[in-house]
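This report refers to the structure that appears directly beneath it.
Residue numbers (this note's numbering): 129 to 239.
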């Protein structure tokens with residue numbers, strides 16, 4: 129179990145070292161790897177409870193969750209802003225596009 133806690137600590141500290149530059153892919157990879165380790169830890173806790181050193185390490189690692197969550201929210205806001213700008217550009221572009229064939233003819237009727 130100590131090996132898993134150490135892996136989780138290494139994974140978390142590696143991410144924290146590059147957190148301000150971490151992109152979506154890095155965050156997604158971190159979450160997937162962390163989930164795997166968490167599932168392994170949960171299974172091992174059913175067999176043997178963690179000792180005090182392991183508990184302390186896990187508490188320290190959980191303290192970093194706010195920083196990591198904050199970065200995830202920043203990335204989500206950036207993605208949302210990008211989508212809004214993209215949709216706005218699309219609307220502006222379609223306003224100037226022709227909605228008819230360029231070689232068609234238009235006929236007016238007199239009443």
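All C-beta atoms in this analysis are idealised placements derived from N, C-alpha and C, irrespective of residue type, glycine included.
Element boundaries [alpha helix (DSSP H), containing residue 152]: Your numbering for residue 152 matches position 24 in the chain shown. 152-175 is the span of the alpha helix (DSSP H), which, as asked, contains residue 152.
Residue 274 versus residue 141: straight-line alpha-carbon distance, rounded: In this structure the chain extends from 129 to 239, so residue 274 is not present and cannot be described.
Rounded C-alpha distance that separates residue 162 from residue 174: Here the question's residue 162 lines up with position 34 in the chain shown. Here the question's residue 174 lines up with position 46 in the chain shown. Rounded to whole angstroms, residue 162 to residue 174 spans 18 Å at the Cα level.
Cβ pair residue 199, residue 139 closer than 9 Å: For the purposes of this step, residue 199 is taken as the residue at position 71 of the chain shown. For the purposes of this step, residue 139 is taken as the residue at position 11 of the chain shown. No, they are not a contact pair.
Minimum C-alpha distance to residue 202 - residue among 151, 137, 144, 133: Along the chain shown, one-based indexing puts residue 202 at 74. Among 151, 137, 144, 133, the Cα nearest to that of residue 202 belongs to 151.
Residue 146 in three-state terms, based on DSSP: If you number the chain shown from 1, residue 146 lands on position 18. Of the three classes helix, strand and coil, the one that applies to residue 146 here is coil, per DSSP.
Helix, strand or coil at residue 219 [DSSP, three-state]: Along the chain shown, read from residue 1 onward, the residue named residue 219 stands at position 91. DSSP places residue 219 in helix when its eight states are reduced to three.
Proximal residues to residue 195 (C-beta, below 8 Å), its chain only, five neighbours per side dropped: As a first step, residue 195 must be located in the chain shown, where it is residue number 67. 144, 147.
Beta-carbon proximity of residue 137 to residue 189, cut-off 9 Å: Here residue 137 refers to the residue found at position 9 when the chain shown is read from its first residue. Here residue 189 refers to the residue found at position 61 when the chain shown is read from its first residue. Result yes, Cβ atoms of residue 137 and residue 189 sit closer than 9 Å.
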